[in-house]
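*Asks:*
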Amino acid sequence: MSFLQTIIDHINYIGAVAIFVIGLHTVVTHSNLIKRIMGINIMGMAIFMFFVAIGSVTGGKPPIIDGDGGPYINPLPSVLILTGIVVVVSITVYSLSLVIRIYETYGTIDQNELLKRMQEEDES
Amino acid sequence: MNDIIIKTVVRLIIPFVQIYGIYIILHGHISPGGGFAGGALIGTSLVLYTLVFGIEKSKEKFSERVSEFAESGGIILYIAIGLIGLFVSGSFLTNIDSGFPVGHPGTVISGGMIPLLMIGIGIKVASTIITLFHALIEEEEA
Amino acid sequence: MIIQIPVISLVFFLLMALIVPLFKRRNFAVTTTLGLIVLLIVWVLTVVLVRDVYLNGPFTYAFGNHESFIGLELLVNLFSAGFALFMLSLIIIIYVYSTSDATEGIAEKEYGRYYILLFILLFAMFGILYTNDLFNTYVFMEILSITTVSIISIKRKKENYTASFRYVMLNEVGSLSYLFGVALLFMVTGHTNIDLVAASIQSSFDDYTANIVTALGFMLTGIGIKAAIFPFHIWLPDAHSTAPTSSSAILSGLVVKLYILIMIKMLFRLFGFDIVSAMNIHIVLMMIGAFGMIMGSVFAIGQTDVKRMLGYSSIAQVGYIVLGISLGTVLGLQAAFFHVLSHGLMKAALFLSVGAVIYHKGVRKVKDFNGMASEMPVVMTVFGLAALGMIGIPLTSGFISKLNLGLASLDANQGYLIIIIIVSGLLNALYYLPILIAAFLKSNKPGDLGLKVEPIPRLMMVPIVVLGLLIVYFGLFPNMILSWFEEIAVVLL
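Chains as they are written, first to last, in the working numbering: chain A, 1 to 124; chain B, 1001 to 1142; chain C, 2001 to 2493.
(1) Would you please state the rounded distance, in angstroms, between the beta carbons of VAL89 of chain A and ILE73 of chain A? I believe it to be under 8 Å.
(2) Less than 7 Å between the C-beta atoms of GLY2389 of chain C and ILE2321 of chain C, yes or no?
(3) Assign VAL2076 of chain C to one of three DSSP states: helix, strand, or coil.
(4) Using only the alpha-carbon positions, how far apart do ALA2249 of chain C and LEU2352 of chain C sit?
(5) Compare the C-beta of LEU1185 of chain B with all C-beta atoms of chain A and state if any pair is closer than 7 Å.
(6) Kindly indicate if chain A contains any beta-carbon less than 7 Å away from that of VAL2168 of chain C.
(7) Along chain C, in chain order, which residues have C-beta atoms closer than 8 Å to that of SER1091 of chain B?
(8) Output the boundary residues of the alpha helix (DSSP H) element that contains PHE2165 of chain C.
(9) Nearest chain C C-beta to PHE3 of chain A closer than 7 Å, yes or no?
(10) Is SER1110 of chain B close to chain C? Criterion is C-beta to C-beta, closer than 7 Å.
(11) In this structure, does DSSP put PHE2069 of chain C in helix, strand or coil?
(12) Counting only C-beta atoms, is LEU2018 of chain C closer than 7 Å to chain B at any point?
(13) Mark ALA1135 of chain B as exposed unless 16 or more other C-beta atoms lie within 10 angstroms of its C-beta, in which case mark it buried.
(14) What does the alpha-carbon distance come out to for the pair PHE1069 of chain B and VAL27 of chain A?
(15) Can you say whether GLY59 of chain A is buried or exposed, counting buried as having 16 or more other CB atoms within 10 angstroms of its CB?
(16) Starting from ALA1969 of chain C, follow the alpha helix (DSSP H) in both directions and report where the run begins and ends.
(17) For LYS61 of chain A, does the three-state DSSP call read helix, strand or coil?
(18) If you compare alpha carbons, which of C:ILE2037, C:SER2098 and C:GLU2067 is closest to MET2461 of chain C?
(19) DSSP three-state call for ASP2305 of chain C: helix, strand or coil?
(20) Apart from the five residues just before and just after VAL52 of chain A, which ones in its own chain have a Cβ nearer than 8 Å to its Cβ?
(21) How about GLY2253 of chain C and GLY2311 of chain C: are their beta carbons less than 7 Å apart?
(22) Is there a Cβ of chain B sitting closer than 7 Å to that of PRO2021 of chain C, yes or no?
(23) If you compare alpha carbons, which of B:ALA1080, B:PHE1062 and B:THR1094 is closest to SER1045 of chain B?
(24) Which partner residues of LYS2365 of chain C appear in the DSSP bridge assignment?
(25) PHE1133 of chain B to MET43 of chain A, Cα distance in whole Å?
(26) To the nearest angstrom, how far is the alpha carbon of ARG2308 of chain C from that of SER2241 of chain C?
(27) Within 8 Å, do at least three Cβ pairs link the stretch 2108-2121 of chain C to the stretch 2070-2085 of chain C?
(28) Are the stretch 2319-2339 of chain C and the stretch 2289-2297 of chain C touching, with three or more C-beta to C-beta distances below 8 Å?
(29) Which residue's Cα is closest to the Cα of LEU2184 of chain C: C:PHE2205, C:SER2246 and C:ASN2211?
(30) Hey, how far is the Cα of PRO2434 of chain C from the Cα of SER97 of chain A?
(31) How long is the line joining the alpha carbons of ILE2002 of chain C and GLY2057 of chain C, rounded to whole angstroms?
(32) With a CB to CB cut of under 7 Å and the five nearest residues on each side skipped, what residues in its chain are close to PRO63 of chain A?
(33) Kindly indicate which residue of A:ILE11, A:HIS10, A:ASP9 and A:ARG36 has the alpha-carbon position closest to the one of ILE22 of chain A.
(34) For THR2131 of chain C, which beta-bridge partners are listed by DSSP?
(35) Compare the C-beta of VAL2011 of chain C with all C-beta atoms of chain B and state if any pair is closer than 7 Å.
(36) Would HIS1029 of chain B pass as a contact of GLY1111 of chain B if the rule is Cβ separation under 7 Å?
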């Protein structure tokens, strides 16, 4: 039972790590370029969840001081995550625009197909 | 999209979205939100306008030159406020020590330089979102 | 006033990047001159800073006068200021070159954008060097990778798009791994300031071993991907060979080194070498470095494109630096630092001289280099000097770094590493010497020995010659710089 209890107590961390691995798997194995960008996003979101989970306090309130005190959650991770989200958004936009360019030049967004077409061009 | 219902509704909604965005930017230090969230709201309202009325009309309202100035201006505002701290009390971005008004906790004029910084961030975020959206659309049409 | 210099240089770079678009409608020379002035001002300021740090010792700079456990902090010591000075000097040399050769493959209206990116790149580099905060390092790393990839894809060619896409994907995996490591450390320590985290790790290592070791693994992997350490190198050759010439020099000579410097900061200041060696991570690093030294050179041998070959050679050279770090001694770190410097100079010289060949003749294949020395004597002499330095011939700075690396491995009782160093040097010779032989000894037009200076712009020639002179200078008089590096290494250990 104690093993199960450990899992239940740490479900937020375990969940974040599981999502991280799902994202990594998507980036590494899928050949569709858009899906790989999605994988990056999933990885990022997993880390953000992990960060927010670290900062949470049981029974804590949002850290807005309105007079009645009480335990607040740690605001620092949330602030860090805001920066992280901005970064991942800009990376996503950048890579999506690259995919548009790749599609315009090669007419495909599949990695394997892309390699084939590049080799054909090298030969000709 | 030439549907008159959508056009009218969007025309009605956009001012409210933008005012709400400005509200969130200015209240960033006493409630959830801030420059990024509010700027994203304003940016999204402009994206909505582009979606409904097309990119040409949107460019008339918010031209490339304006967005260039807004993007640089947002950061320059931030740096300028930071430099005030550097010159007055010897450290970049110093808040209360360099004489920014503190006011009463919980009112809009409190938190010193933070609302001013939030305005800079809001301008930057709103203009960046709309510029990125325009760039992606133009890429598709070209 | 001196303690404001790091912030002021960051502000200068950012403002310069913002000003460039406003000069879009003016003559382009205005922008480049202004940029050069900014660079020179910051260079002078950094020299003053280094002198002050050398005399009065390190100091920290807190943003907004906050306490270090709340606010951001910059740490200025001989390590950060010294390497900032080195990188800025090298960038000024490359910048002067790029003013007349930015044209290679970049559309005319994109010139301004290239300089915007260059200054944001500098901003991020200085930020990474000076910052004393783990999360701040992550943010600057992301700024650096976005600007780097934009510089790669600014040339609107087909292969640039695929190269930069691969770069984005792998680098993003790298930086997210790093961020995950930061999250794990934050979970244990509750800080992101490097000094506080380090103190906290030392006191709580026994209680939270799993967390700290996992964090170390994630962070090392992440930075390893970004620094192109051997098994994670696949993005590098494409990216560096398709970029515009002057930025290839910056990417290969400086940006990759920057990640190595982050790694040094992490291993020695954050975790401390005791924990690293207790986990046997230095042995893993040693093997990775040795493999990289051999395999990078082996890959390079088969290449027909000179710039691609230089890219693979960078992987081997990163291996040398990692090997020096993994020894964990003052001598090893000193050799690694010296190799950061000498490889930066040599790789910049190689890329710039190949760039001059591409500019003048429009060829970049190995087989087209026959008799090149009679057509472009000065450029090919510098190319030859740098190539000999890569192989490790005496009188060049490459020889000094290999000698130091060998001495360091003897000192650490790892004498067999000398064999690897020598084998790698021989492999380097296998792919650099054919080019030199073809350029200097073969000739397309026999009897044509009328040596004349090649007709390339003077602003391109001067940086190349300066780099060649510096390579020889550091080969002949390395003692001053070595003693500096020794001081830095002693502080880190």
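Each residue gets a CB set at the ideal place from its N, CA and C atoms; glycine is no exception.
*Replies:* So, from the data block:
(1) With 8 Å as the limit, VAL89 of chain A and ILE73 of chain A do not qualify as a contact, their Cβ atoms being about 24 Å apart.
(2) With respect to ILE2321 of chain C, GLY2389 of chain C sits apart: the two C-beta atoms are not nearer than 7 Å.
(3) Correct three-state label for VAL2076 of chain C: strand.
(4) Straight through space, the alpha carbons of LEU2352 of chain C and ALA2249 of chain C are spaced by roughly 7 Å.
(5) There is no way to answer for residue 1185 of chain B, as the model of chain B reaches only from 1001 to 1142.
(6) With 7 Å as the cut-off, VAL2168 of chain C counts as an interface residue toward chain A.
(7) Contact annotation for SER1091 of chain B against chain C: TYR2061, ALA2062, PHE2063, GLY2064 and ASN2065 [CB-CB distance below 8 Å, chain order].
(8) Its alpha helix (DSSP H) spans residues 2158-2189.
(9) So, not an interface residue.
(10) It does not; no Cβ of chain C falls within 7 Å.
(11) Residue state, collapsed to three classes: coil.
(12) Yes, because at least one Cβ of chain B sits closer than 7 Å to the Cβ of LEU2018 of chain C.
(13) Classification for ALA1135 of chain B: exposed.
(14) Each residue's alpha carbon lies about 37 Å from the other.
(15) By the neighbour-count criterion, in which 16 or more other beta carbons inside 10 Å mark a residue as buried, GLY59 of chain A falls on the exposed side.
(16) Only positions 2001 to 2493 of chain C appear in this structure, which leaves residue 1969 of chain C out of reach.
(17) Looking at LYS61 of chain A - three-state DSSP - the assignment turns out to be strand.
(18) Selection C:ILE2037, C:SER2098 and C:GLU2067 evaluated against MET2461 of chain C yields C:SER2098 as nearest (Cα-Cα).
(19) DSSP places ASP2305 of chain C in strand when its eight states are reduced to three.
(20) Only residues of its own chain outside the window of five on either side were considered, and among them PRO77, SER78 and ILE81 have a CB closer than 8 Å to the CB of VAL52 of chain A, listed in chain order.
(21) Not a contact, by the Cβ cut-off of 7 Å.
(22) Taking Cβ atoms only, chain B reaches closer than 7 Å to PRO2021 of chain C, which makes this a yes.
(23) Closest in alpha carbon position to SER1045 of chain B, among B:ALA1080, B:PHE1062 and B:THR1094, is B:PHE1062.
(24) For LYS2365 of chain C, which the question treats as bridged, DSSP gives the partners C:ASP2305.
(25) Cα atoms of PHE1133 of chain B and MET43 of chain A: separation of roughly 24 Å, rounded to the nearest angstrom.
(26) When the Cα atoms are used, ARG2308 of chain C and SER2241 of chain C turn out to be separated by approximately 5 Å.
(27) The stretch 2070-2085 of chain C is not in contact with the stretch 2108-2121 of chain C.
(28) Counting Cβ pairs under 8 Å, three or more are found: they touch.
(29) Measuring from the Cα of LEU2184 of chain C, the nearest candidate turns out to be C:ASN2211.
(30) Looking at the two C-alpha atoms, the distance is approximately 41 Å.
(31) The alpha-carbon atoms of ILE2002 of chain C and GLY2057 of chain C are separated by roughly 13 Å.
(32) Answer for PRO63 of chain A: TYR72, ILE73 and PRO75, listed in chain order.
(33) Minimum Cα distance to ILE22 of chain A is reached at A:ARG36.
(34) Under DSSP, the beta-bridge partners assigned to THR2131 of chain C are C:LEU2074.
(35) Output row for VAL2011 of chain C: interface = yes.
(36) Taking 7 Å as the Cβ cut-off, HIS1029 of chain B and GLY1111 of chain B qualify as a contacting pair.
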